[in-house]
Amino acid sequence: MQLIDILKSKKVKVIEIPKWGTFLRKQWEDNFANHLRLEEKKAIHLFDDDGFCGFLWHIFSYEKRECLKGEKAEQAFDNMKKSACYVFFQHTDDVLILEDAAKFNSNDLLDESDVYVVDKEFNWTYVKTHETGYCGPYFSRRM
Numbered sequence: 001m002q003l004i005d006i007l008k009s010k011k012v013k014v015i016e017i018p019k020w021g022t023f024l025r026k027q028w029e030d031n032f033a034n035h036l037r038l039e040e041k042k043a044i045h046l047f048d049d050d051g052f053c054g055f056l057w058h059i060f061s062y063e064k065r066e067c068l069k070g071e072k073a074e075q076a077f078d079n080m081k082k083s084a085c086y087v088f089f090q091h092t093d094d095v096l097i098l099e100d101a102a103k104f105n106s107n108d109l110l111d112e113s114d115v116y117v118v119d120k121e122f123n124w125t126y127v128k129t130h131e132t133g134y135c136g137p138y139f140s141r142r143m
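Residues in the sequence shown are numbered from 1 upward in steps of one, following this note's numbering.
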């Protein structure tokens, strides 16, 4: 994974956890989409259901949660104090735990898509989508 090499070159400590994706996606949903009813989540294709490919970031593209978009999202993420955080993906169960992540920024994710970054307490999230430029990236804080 090229991202790991980028992070290690910046002296970010990276711990790879291969099977935490499902758990962290659920935690993300519980923290950032908990204000929506199940019917609302289905209506915006939050889940992989009925032939639609679900994306957690639809909460932002369907404007169901306040967020910053595009360059403003990148700036907010880049300016966040990042000591430790999780990086996980929409369609794989691979997870990275980052420690000493102060130098981690949006440019490190240029070759990634449908990737979610959260601090360990799920107080904020940064999401880079496969439709970046059209949808995203996004940055939001837990309310």
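Glycine included, every Cβ here is placed at the ideal spot set by N, Cα and C. All values derive from a computational prediction rather than experimental measurement.
Scanning the region 8-32 for uninterrupted alpha helix (DSSP H) segments of 4 residues or longer gives 21-32, listed from N- to C-terminal end. For lysine 103, the closest alpha carbon among the candidates Thr92, Asp93, Arg25 and Phe77 is that of Phe77. Beta-bridge pairing by DSSP links leucine 38 to no other residue. Sequence-distant Cβ neighbours of phenylalanine 88 in its own chain, meaning closer than 6 Å and more than five residues away, are Gly21, Leu24, Val95 and Tyr116. The straight-line gap separating the alpha-carbon atoms of leucine 56 and valine 14 is approximately 24 Å. Excluding its 5 nearest sequence neighbours in each direction, serine 113 has C-beta neighbours in its own chain below 8 Å: Lys128, Thr129, His130 and Thr132, listed in chain order. Excluding sequence positions up to five before and after histidine 91, its CB lies within less than 7 Å of the CB of Asp114, all in the same chain and listed in chain order.
In this model, glycine 136 and lysine 19 are separated by some 26 Å (Cα to Cα). Short of 6 Å from the beta carbon of glutamate 99, and not among the five residues preceding or following it, lie these beta carbons of its own chain, in chain order: Lys13 and Ala84. In this structure, the straight-line span from the alpha carbon of asparagine 34 to that of valine 118 is close to 16 Å.
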